[in-house]
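Presented below is the structure to which this report refers.
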Amino acid sequence: MEKNELIAWENKCIQEESPECTSACPLHVDARLFLKEIRKGDWDAAYKVLNKTMPFPGILGRICDHPCEERCKRGPVGGPLAIGSLERLCVEKFAGKKRVQLLPRKNHRIAVLGAGLAGVTAAWDLLKKGFVVSVFESGERLGGPLWDLPERILPREILAEELLVLESMMADIHLGVRLDKAFFEQVCEEYAAVILDRDSFHGCALPLELDGDGLIAVTPSTGATGRDGVFAGGGTRFRGGFSPVMETLEGRKPALSIERLMQKVGLEFGRENEGPCSSRLFTSLEGIDPLPRVVPADSVKGYSEEEAHMEAKRCIQCECRECVKKCLFLERYKAYPKKYAREIFNNERILLGAAHQYNVFTNSCSTCGLCETICPNDFSMADMCLEARRTLLKQKIMPASFHEFALDDMAFSNSDLFSLCRREPGKSESAWLYFPSCQLCGSAPGEVLSSYHYLREKLTGGVGILLHCCGAPAFWAGREDLFSQALNEIRGCWEKMGKPRIITACTTCLNMFQEHLPETEPVSLWSTILDAGLPVSVRVSGAGEVTVSVVDPCASRQKQEEQQGIRRILESLGMGIEELPLSGEKPECCGYGGLMYNANPTLARDVVARRTTASDNDYLAYCAMCRDNFAFVGKRISHIIEHLFPVVAGADPAARGWISWSERRDGRVRVKESVLAELGEGKEPQLEHYEKLALVMSPEVRKRVDERRILEEDIRKVILHAESSGMRMQCSESGNFLAYLQPANVTFWVEYQLEGDGFTVLNAYCHRMKIVGIKK
Amino acid sequence: MNFSQEAEAWTCASCGGKLQLTKVFFSYEKGNFEVDLPACPACDLVLVPESLALGRMAEAERILEDK
Ligand code: SF4
Ligand code: SF4
Ligand code: SF4
Ligand SMILES: [Zn+2]
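Here the protein sequences come in this chain order: A and B.
All letters in the first sequence, in the order written, are residues 36 to 811 by my numbering.
All letters in the second sequence, in the order written, are residues -10 to 56 by my numbering.
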């Protein structure tokens, strides 16, 4: 990931944008945090939030005209938060020491003329930044029109006390000064820069241009007047009405301009978001109770602490996290895509030898595409993670373990043991080419074979068959070399068959072909069945007899027509359908996609286990891996092919249960052998020596071993090696043997007993750490 | 971790000798390790107990993969 790519990714995830309240606030007070602190009952912390952004919190907290409330997201669900009233209570309650952190003193001397709210704000801001500030006021006290506010809103005592803070900040204050033209010229000479509070200079006779409201004309974004080094702000009461918070902003702007001027940086640059601005933050209001605003029992005194607490609890704490709410993977790593983008970027830049803590992360995404569908900005973690995987490979830091099992399985499918391309028996042409998919052959070999018969009966022009893997595992692993090799092999077969139309029974294969081999004009088996009519062998259930929930595979996300087609087939089979909350364009993955199950098996299990809780109905899948993964965690589930082409009449396919990786390989071999036999090419299978060993395993051991991704083939190889070399250990108590073998990257251990001609396997386990040797 | 129990329980079926706790060397990704394990030095046979393979060893593998 390049720096500009990182910026583009980060910009897509708007989780860190300000909530509406903060964006609407001219000073960008963090109201969300403020309310959170009140909710916790921590009033000191709440005060600190105000104090961080507001000048004179004791004043502004009481008089702010709270434009934030107008845009509060709570508005349509109970009414906006009473942020103004809560700020008031907070500053009333605060009894701690009023602290203003000053930055180191700078040499520049700045003059502020006029001490209304804009003027004292400018002085406050500049003093905080360390400037030497002189305030000149014509009246006998600071604050100007603030003294005209009613006592119950802003008590005089408080006002005086708050303004005193300027003195403690070491302002040089001059009262009763004649702010005339001569004086103005004098300060322009003596000071590095000057700020005029326009409230004190309404319709004034200074040598500066006035605007239509009789206020000193300024550039709105900076407060710059026509004269160098002279800035102005304030006077909202002459321009549509006094707004305390806008008046404050009017003082803040010129102060910031002066800081920029002194630092010799551009006055205008990057100030678009100063003051009230828009926000891209998305916050879902789904499921939010419309709680009405808390009304204080005592309308004069306002909120009690209790009431304030209740009111603050209404705050939604606006944020997006839409994708995180739905995806367990995103949730597990405790952040959100913007942060993840940064982590992946950093992970790629780690110096040799240091920890790459995001390798597993990068390889755990199932690339299901759900986040992209949900995200208001279409953030695609799948694209980001796939690209990052390719980078890890290029950098040669991709651990083999993340994808090895899946890539071995793919290699098996594309080896002579499964791979096959033939015409329909007795035909010399192929108008169609059936591509049932490797995993469906593994999971439902008998059904696949009858579906092939069905196609041959229904379609004319010859239906050839192509047994192969579409290459998806290589694509997910970032292995472009293996992926294009798989595609090239498929393309080669397709050309040799005379470019027939491909019919596939797997949605992932369909996607892969549509995207990478569009010339094959792939269609799905299911839409072909819809066109050609149901097979005669199907059993149609009576009304209300069977209700299922369809688990759409994540690969079907963009395939609304396919999804509808499946439902039409189920309806004609007489099945009732109850939709899951996440179906249609929002299915999750079963953990197979993106090879999540290989790099992060625990997460993959949890994902599928969580999905079983969505409904008590039997599930109905049309992806072989979905069926197998749900079945593994004990969910009743069947594959649509089991209903269309039942192998055992009257069986309950949802009760079939889990199958092992070894069985999936056997299933594939069986499909190939049956196709060859029909063509008259069948021959006695040439078994390797180890394949002849007979194994006995209890169901429990079988499942445990499968979960550890140990194949029966691996077990046979260990036993064969142990038995032929004698290299094994024996337990003096049980007589069991223990042996190990490291054929490639994994060391397999098997504990077994001799059982007549065969072997009883009691346990098997494995590790990737390589045994180098023994100290002699 | 002490595997003397395992050393007691198992014998080398190749030479019939007892297993002795011996330093065994391992490597994975960019890491090297040594663990005292039951082994038959004469036959070069090692015993990695299941608890070690699925416990500390698996943990170390995960850490090294995120390096
Ligand atoms: S609900 Fe809370 S966080 Fe959201 S806009 Fe309103 S005050 Fe701000
Ligand atoms: S698993 Fe799916 S929803 Fe989660 S991050 Fe990956 S693509 Fe997005
Ligand atoms: S949905 Fe996720 S990726 Fe999109 S903006 Fe929200 S938090 Fe960010
Ligand atoms: Zn020995």
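Every residue, glycine too, gets a C-beta built ideally from N, C-alpha and C.
Note that the structure is a prediction, hence the values are computed from the model and not measured.
Item	Value
Quiz: which residues have CB nearer than 5 Å to ligand 4 non-hydrogen atoms	B:C1, B:S3, B:C4, B:G6, B:C29, B:A31 and B:C32
Cβ-based burial, K670 of chain A [other Cβ within 10 Å; buried from 16]	buried
For S759 of chain A, the first and last residue of its enclosing alpha helix (DSSP H)	E747 to S760
Under 9 Å between C-beta atoms of P27 of chain B and S3 of chain B	no
Three-state class that DSSP yields for C32 of chain B in the structure shown	coil
Range covered by the beta strand (DSSP E) that runs through M764 of chain A	M764 to C766
Counterpart residues of Y627 of chain A in DSSP-defined beta bridges	Per DSSP, none; premise fails for Y627 of chain A.
Cβ of F(-8) of chain B within 9 Å of any chain A Cβ	no
Pick from A:K811, A:G808 and A:R803 that is closest to K19 of chain B, judged by C-alpha positions	A:R803
For T156 of chain A, the three-state DSSP class (helix, strand or coil)	helix
Residue-chain proximity (I750 of chain A, chain B), Cβ-Cβ < 9 Å	no
Counted within 10 angstroms of its Cβ, other Cβ atoms place S733 of chain A as buried (16 or more) or exposed	exposed
For A656 of chain A, three-class secondary structure by DSSP	strand
Rounded Cβ spacing between D232 of chain A and G154 of chain A (contact assumed at less than 8 Å)	3 Å
Range covered by the beta strand (DSSP E) that runs through E342 of chain A	Note, E342 of chain A: premise wrong, no beta strand (DSSP E); alpha helix (DSSP H) at E340 to K348.
Contact list for the segment 787 to 803 of chain A against chain B, Cβ threshold 8 Å	N798, Y800, C801, H802 and R803
Those runs of the beta strand (DSSP E) which lie wholly inside the segment 81 to 149 of chain A and span at least 3 residues	144 to 148
Status (buried if at least 16 other CB within 10 Å, exposed otherwise) for E225 of chain A	exposed
Presumed contact (8 Å Cβ cut-off) between K163 of chain A and V126 of chain A, rounded CB distance	Contact doesn't hold; Cβ gap of about 18 Å is too wide.
Proximity test, I694 of chain A beta-carbon vs ligand 1 heavy atom, cut-off 8 Å	no
Within 9 Å, strictly: CB atoms of H503 of chain A and F453 of chain A	yes
P434 of chain A at chain B interface by Cβ criterion, 9 Å	yes
Any non-hydrogen atom of ligand 3 within 8 Å of V155 of chain A CB	no
By C-beta, the residues closer than 7 Å to any heavy atom of ligand 3, given in chain order	A:K47, A:C48, A:I49, A:Q50, A:F317, A:C355, A:R356, A:E357, A:C358, A:V359, A:Y371, A:P372, A:K373, A:C406, A:I409, A:C410, A:P411, A:N412 and A:F414
Cβ contact check for the segment 48 to 59 of chain A and the segment 313 to 322 of chain A: 3 or more pairs under 8 Å	yes
Distance CB(A634 of chain A)-CB(S399 of chain A) smaller than 9 Å	yes
Cβ-Cβ separation, L608 of chain A to V573 of chain A (assumed contact under 8 Å), whole Å	6 Å
Any chain B beta carbon closer than 9 Å to C766 of chain A	yes
Any non-hydrogen atom of ligand 2 closer than 8 Å to T402 of chain A Cβ	yes
D234 of chain A, buried or exposed, once every other Cβ within 10 Å from all chains shown has been counted against 16	buried
Residue closest to D741 of chain A, alpha-carbon to alpha-carbon, out of A:D749, A:L776 and A:W696	A:W696
Where H438 of chain A falls: helix, strand or coil (DSSP)	coil
Minimum C-alpha distance to L455 of chain A - residue among A:W529, A:T57, A:R67 and A:P434	A:W529
Secondary structure of F(-8) of chain B, DSSP reduced to three states	coil
Minimum Cβ-Cβ distance from Q474 of chain A to chain B less than 9 Å	no
Any 3 or more C-beta pairs closer than 8 Å across the segment 397 to 415 of chain A and the segment 357 to 375 of chain A	yes
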